[in-house]
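Peer 1: Its first residue numbered 598, the sequence shown is counted upward by one per residue in this note's numbering. Sharing a structure with you now.
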Amino acid sequence: MPKPDLILLALEEPSILNLMERALRAGKYEIAIAKDIQSLGKILKESAPSLLLIGVKFDGHDGLKVARELQDRFPTLPFLIYAEEITPELIKGILRLGLSGYLTPPLKTDEIVDAVETGLRNAHRVGDWLRKEVTRTTASLQKRAQLSEAEHAQLEAVFNNIHDSVMILNPQNVILLLNPAMCRAFGINAKTAIGKPVLDVLKHPDLINLITSADTKDLYQYHEVSFPDGRVGNAQYIAIRDVGYALTMQDITYLKEVDQVRSEFVHTVSHDLRSPLTSVIGYTELVERAGPLNEQQRDFLSRIQDSIQHITSLINDLLDLGSVEAGIDTRREFVQLEGILRYTIEMLHGQIKAKRLKIRTAIAPALPALRANPLRLRQVLDNVVGNAIKYSNVNGEIFISIRSQGDQVILQVTDQGPGILPADQPHIFDKFYRGTNIGSGIEGSGLGLAIVKNIVESHQGRIWVESTIGKGSSFFIVLPVVAEPVQAARKKEPE
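Next up, the structure:
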């Protein structure tokens, strides 16, 4: 035979308490009586009643307030409120707390029992639902745990057999995981490395520079890693939310070799094309001197000259790019970036005026000097500012700022052009790449930003873009205050 439900009564009026007790005992319920707040808490803790019937005033306390506090400790316990008078405010309070109901005079035995039965029935219904939900959730969690174990085994197999080097770090750059490829690439013992700070394990200067110079706000940074045996790796330092960081590296030695062959071929062809083009330019000038030309002839000659100019510009860009990539740019002197910027704006004044653009600048005072090649920095500014002009709408605005931060100078160029598609942004610094949303009316070889990136990196700097379609693009260039040529700097690094 099931044990009767225990009903806890917390009522001040003795006559009401006696009436409730008699009615409920007649209904085959067990009764517990709380005389004050202390005994109420003790009974709730020790006896686990099935329902609490409390007066709207009890032991000098507000019954609703007591119920609200008890709900936090006993969320499945049903409550009934007894009040001499029911007011709209009291009903609102009962509904707000989600109590089982209320009793008010005149009281009848069957009404008391019915109210308690209804409260218990609702509580049992909720309890049954909770038990079913717990059972269902437990079964689901068990199934997920089994799947998780299988997935973990699969992921571990993939992680251990992937050819790329992978290392997972916590937010403090302590090693959590690393795969065999990472161990082979840097001669690491996985068992002794896990749990140690990454800078205590990895001693390669390129990786140390990548990790120590990383901006934690950036989600992705990369660096080329050179090995004494001639191998080259492409290392990435990636922030992973709620985990820390991932340090990965791919062997790109073969790609570097192919790129070197391609660069040499392009350089040779560019040189071979320059001489014949010079001759063609000379012949076009002679044609103009040979005698008067009709309108059609002048049009043809103008088209020839425009085409030659375009090809010559492309060849010059290719030769410039080859020169920077070859690492022969060793000229360094102290220069002020703001002075070069002013010269660039003056030289591009005609293009700015033609589009009626507003150039707004924010140059920080007392900027430190850069140790750089002024001609190369001029190329960088000509390209970046020139692109901002090229892609700006008529009557638009271009914002240019230069500021210092620590031992580096930061240049920002922002336009109000069409913006760069997210899919295009990772590739805009590649050679010959042009955005897919650029109209055919805007000329360009696709080499300008590739040249800029190579020049910036040869000065140990970095460049990136932030862009929103329809609003414009911002290019950021960070240059160290003192920068040696990359080749010269690498010679000083210990192997």
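No residue lacks a Cβ here, since even glycine has one placed at the ideal position from N, Cα and C.
#1: When DSSP labels each residue in this structure, what does Pro-1077 get in the three-state scheme?
#2: Hey, quick one: how far does the alpha helix (DSSP H) through Ile-691 stretch, first residue to last?
#3: Of all the options Leu-1046, Thr-881, Ala-832 and Lys-639, which has the alpha carbon lying nearest to the alpha carbon of Pro-802?
#4: With DSSP collapsed to three states, give me the class of Leu-1044.
#5: Roughly how many angstroms separate the alpha carbons of Gly-716 and Ala-680, rounded to a whole number?
#6: State the Cα-Cα distance for the pair Arg-670 and Ala-664, rounded to the nearest angstrom.
#7: Following the continuous alpha helix (DSSP H) through Leu-1008, name the residue where it begins and the one where it ends.
#8: Assuming the contact rule is C-beta atoms closer than 8 Å, Glu-822 and Met-846 should be a hit. Round their C-beta distance to whole Å, please.
#9: Based on Cα-Cα distance, which residue from Ala-985, Leu-616, Ile-1035 and Thr-909 lies nearest to Leu-954?
#10: Does DSSP put Lys-740 in a helix, a strand or coil?
#11: I'd like the span of the beta strand (DSSP E) that includes Asp-848, first residue to last.
#12: Which residues in the same chain have their Cβ closer than 6 Å to the Cβ of Gly-624, if we skip the five residues on either side of it in sequence?
#13: Cα separation between Lys-740 and Gly-792?
#14: Candidates Leu-967, Phe-1073, Leu-972 and Gly-1032: which alpha carbon is nearest Ile-997's?
#15: Which value, in whole angstroms, describes the spacing of the CA atoms of Arg-929 and Asn-806?
#16: Just reading off the alpha helix (DSSP H) that Gly-936 is part of, what are its end residues?
#17: Just the Cα atoms here: how many angstroms apart are His-721 and Glu-627?
#18: Which full runs of the alpha helix (DSSP H) of 4+ residues lie inside the segment 637-709, going along the chain?
#19: Among Arg-968, His-946, Ile-1035 and Leu-667, which residue has its Cα nearest to the Cα of Tyr-988?
#20: Within 10 angstroms of the Cβ of Leu-1110, are there 16 or more other Cβ atoms? Answer buried if so, exposed if not.
#21: Which one of Ile-678, Val-932, Asn-757 and Ser-647 has the shortest CA to CA distance from Arg-718?
#22: State the Cα-Cα distance for the pair Val-798 and Ala-787, rounded to the nearest angstrom.
#23: In whole angstroms, what is the alpha-carbon distance linking Asp-979 and Ile-942?
#24: Out of curiosity, what's the CA-to-CA distance linking Ala-736 and Ala-742?
#25: Where DSSP assigns a beta bridge to Phe-783, which residues make up the other side?
#26: Three or more beta-carbon pairs under 8 Å between the segment 603-617 and the segment 651-659, yes or no?
#27: Quick check: the Cα distance between Ile-640 and Ala-631, rounded to an integer number of angstroms?
#28: Please say whether Gln-976 and Ser-1071 have beta carbons closer to each other than 9 Å?
#29: Excluding sequence positions up to five away, which residues of its chain have a Cβ less than 6 Å from the Cβ of Phe-931?
#30: Output the distance between the C-alpha atoms of His-907 and Asn-776, rounded to the nearest integer angstrom.
#31: As a quick exercise: from Ile-905, Ala-712, Lys-950 and Ile-956, pick the residue whose alpha carbon is nearest that of Leu-938.
#32: Please state whether the Cβ-Cβ distance between Ile-678 and Gly-695 is less than 9 Å.
#33: Helix or strand or just coil, what does DSSP make of Leu-972?
#34: Report the rounded CA-to-CA distance for His-946 versus Val-855, giving the unit in angstroms.
#35: Please say whether Gly-724 and Ala-712 have beta carbons closer to each other than 9 Å?
#36: In or out: Asp-1012 buried (at least 16 other Cβ within 10 Å) or exposed?
Peer 2: To lay it out plainly:
#1: Sequence index remark: in the sequence shown, residue 1077 carries index 480 (1-based). The answer is strand: DSSP assigns Pro-1077 an E or B state.
#2: As a first step, residue 691 must be located in the sequence shown, where it is residue number 94. That run of the alpha helix (DSSP H) goes 685-694.
#3: The residue labelled residue 802 in the question sits at position 205 within the sequence shown. Nearest C-alpha to Pro-802: Ala-832.
#4: Taking the first residue of the sequence shown as position 1, residue 1044 is located at position 447. Here Leu-1044 sits in coil by DSSP.
#5: Here the question's residue 716 lines up with position 119 in the sequence shown. Here the question's residue 680 lines up with position 83 in the sequence shown. Between Gly-716 and Ala-680, the C-alpha separation is close to 17 Å.
#6: Sequence index remark: in the sequence shown, residue 670 carries index 73 (1-based). Sequence index remark: in the sequence shown, residue 664 carries index 67 (1-based). Each residue's Cα considered, the two are about 10 Å apart.
#7: Along the sequence shown, read from residue 1 onward, the residue named residue 1008 stands at position 411. Careful: Leu-1008 lies outside any alpha helix (DSSP H), inside the beta strand (DSSP E) at 1005-1011.
#8: In the sequence shown, counting from the first residue as 1, residue 822 sits at position 225. In the sequence shown, counting from the first residue as 1, residue 846 sits at position 249. What sits at residue 822 in the sequence shown is Val, not Glu. With 8 Å as the limit, Val-822 and Met-846 qualify as a contact, their Cβ atoms being about 6 Å apart.
#9: Here the question's residue 954 lines up with position 357 in the sequence shown. Ranking the options by Cα distance to Leu-954, first place goes to Ala-985.
#10: Within the sequence shown, the letter at position 143 stands for residue 740. Lys-740: helix per DSSP, three-state reduction.
#11: Here residue 848 refers to the residue found at position 251 when the sequence shown is read from its first residue. Residues 841-848.
#12: Stepping through the sequence shown from its first residue, residue 624 is reached at position 27. Answer for Gly-624: Val-710, listed in chain order.
#13: As a position in the sequence shown, residue 740 is number 143, starting the count at 1. As a position in the sequence shown, residue 792 is number 195, starting the count at 1. Taking the straight line joining both Cα atoms gives about 31 Å.
#14: Mapped onto the sequence shown, residue 997 falls at position 400. With distances taken between Cα atoms, Ile-997 lies closest to Phe-1073.
#15: Working through the sequence shown from its first residue, we reach residue 929 at position 332. Working through the sequence shown from its first residue, we reach residue 806 at position 209. Roughly 22 Å between the two C-alpha positions.
#16: Position 339 of the sequence shown holds residue 936. That run of the alpha helix (DSSP H) goes 934-944.
#17: Taking the sequence shown and counting its residues from 1, the one referred to as residue 721 is at position 124. Taking the sequence shown and counting its residues from 1, the one referred to as residue 627 is at position 30. Whole-angstrom Cα-Cα distance: 17 Å.
#18: 660-670 and 685-694
#19: Residue numbering aside, residue 988 sits at position 391 when the sequence shown is read from its first letter. Checked all of Arg-968, His-946, Ile-1035 and Leu-667; the closest Cα to Tyr-988 is Ile-1035.
#20: Only positions 598 to 1092 of the chain appear in the structure, and residue 1110 is not among them; the question remains open.
#21: For the purposes of this step, residue 718 is taken as residue 121 along the sequence shown, with counting starting at 1. Comparing Cα-Cα distances from Arg-718 to each of Ile-678, Val-932, Asn-757 and Ser-647, the minimum goes to Ser-647.
#22: Numbered from its first residue, the sequence shown carries residue 798 at position 201. Numbered from its first residue, the sequence shown carries residue 787 at position 190. Their backbone Cα atoms lie some 10 Å apart in a straight line.
#23: Against the sequence shown, residue 979 aligns to sequence position 382. Against the sequence shown, residue 942 aligns to sequence position 345. Cα to Cα, Asp-979 sits roughly 8 Å from Ile-942.
#24: Locating residue 736 in the sequence shown gives position 139, counting from the first residue. Locating residue 742 in the sequence shown gives position 145, counting from the first residue. Looking at the two C-alpha atoms, the distance is approximately 10 Å.
#25: Translated into positions along the sequence shown, residue 783 becomes position 186. Per DSSP, none; premise fails for Phe-783.
#26: yes
#27: Taking the first residue of the sequence shown as position 1, residue 640 is located at position 43. Taking the first residue of the sequence shown as position 1, residue 631 is located at position 34. In a straight line, the C-alpha of Ile-640 is about 7 Å away from that of Ala-631.
#28: Position 474 of the sequence shown, counting from 1, holds the residue named residue 1071. Position 379 of the sequence shown, counting from 1, holds the residue named residue 976. Not closer than 9 Å, so no.
#29: Here residue 931 is taken as the residue at index 334 of the sequence shown, counted from 1. Taken in chain order, the residues that qualify are Ala-966 and Arg-968.
#30: Start at 1 with the first residue of the sequence shown, and residue 907 comes out as number 310. Start at 1 with the first residue of the sequence shown, and residue 776 comes out as number 179. Going from the Cα of His-907 to the Cα of Asn-776 covers about 50 Å.
#31: Start at 1 with the first residue of the sequence shown, and residue 938 comes out as number 341. Looking at the Cα atoms, Ile-956 is the closest of the given residues.
#32: What you label residue 678 is simply residue 81 of the sequence shown in a count that begins at 1. What you label residue 695 is simply residue 98 of the sequence shown in a count that begins at 1. Taking 9 Å as the Cβ cut-off, Ile-678 and Gly-695 do not qualify as a contacting pair.
#33: Locating residue 972 in the sequence shown gives position 375, counting from the first residue. If DSSP states are grouped into helix, strand and coil, Leu-972 belongs with the helices.
#34: The residue given as residue 946 occupies position 349 in the sequence shown. The residue given as residue 855 occupies position 258 in the sequence shown. The straight-line gap from Cα to Cα measures roughly 41 Å.
#35: To locate residue 712, count along the sequence shown from 1; it is residue 115. To locate residue 724, count along the sequence shown from 1; it is residue 127. Not closer than 9 Å, so no.
#36: Taking the first residue of the sequence shown as 1, we reach residue 1012 at position 415. Flag for Asp-1012 reads buried.
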